[in-house]
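Undergrad:
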Amino acid sequence: MNYASYGAAELQQKNARFPWINTSLVTPNHSAYTLHATGDATLQSGRIYVALPSTVKLTEETKKKYNIM
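For the sequence shown, my numbering assigns the number -11 to the initial residue and increments by one for each residue that follows.
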């Protein structure tokens, strides 16, 4: 499955605007990221997303670690 990739600056911009306000977790020092929805949510921000480096393979272990749906 191909996911859209974003740069760190793009994720910071997204994270500052509706509907993404404070919903993604960014790991620094990578050039491209892929957003993945987690099973976590807050009343204030809604669904929480994790931004993983685009080179990370989405395995069952990775899904479990980050609670990815």
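We treat Cβ as the ideally placed atom computed from N, Cα and C, and that holds for glycine.
1. Taking the alpha helix (DSSP H) that Ala(-4) belongs to, which residues open and close that run?
2. To which residues does DSSP link Ala76 through a beta bridge?
3. Would you please state the rounded distance, in angstroms, between the beta carbons of Thr26 and Ser(-7)? I believe it to be under 8 Å.
4. Does Ala39 pass the burial test, meaning 16 or more other C-beta atoms within 10 Å, or should it be called exposed?
5. Report back the beta-carbon spacing between Asn3 and Asp28 to the nearest angstrom; my notes put them in contact at under 8 Å.
TA: Concretely, from the data shown:
1. Numbered from its first residue, the sequence shown carries residue -4 at position 8. Taken as a continuous stretch (DSSP letters only), the alpha helix (DSSP H) holding Ala(-4) covers Ala(-4) to Asn3.
2. Nothing about residue 76 can be reported from this structure: the residues present for the chain run from -11 to 57 only.
3. Within the sequence shown, residue 26 is the residue found at index 38, counting from 1. Within the sequence shown, residue -7 is the residue found at index 5, counting from 1. That pair is no contact at about 18 Å.
4. On the sequence shown, position 51 is the one that residue 39 refers to. Result: buried.
5. Within the sequence shown, the letter at position 15 stands for residue 3. Within the sequence shown, the letter at position 40 stands for residue 28. That belief does not hold up - the Cβ atoms of Asn3 and Asp28 are roughly 16 Å apart, past 8 Å.
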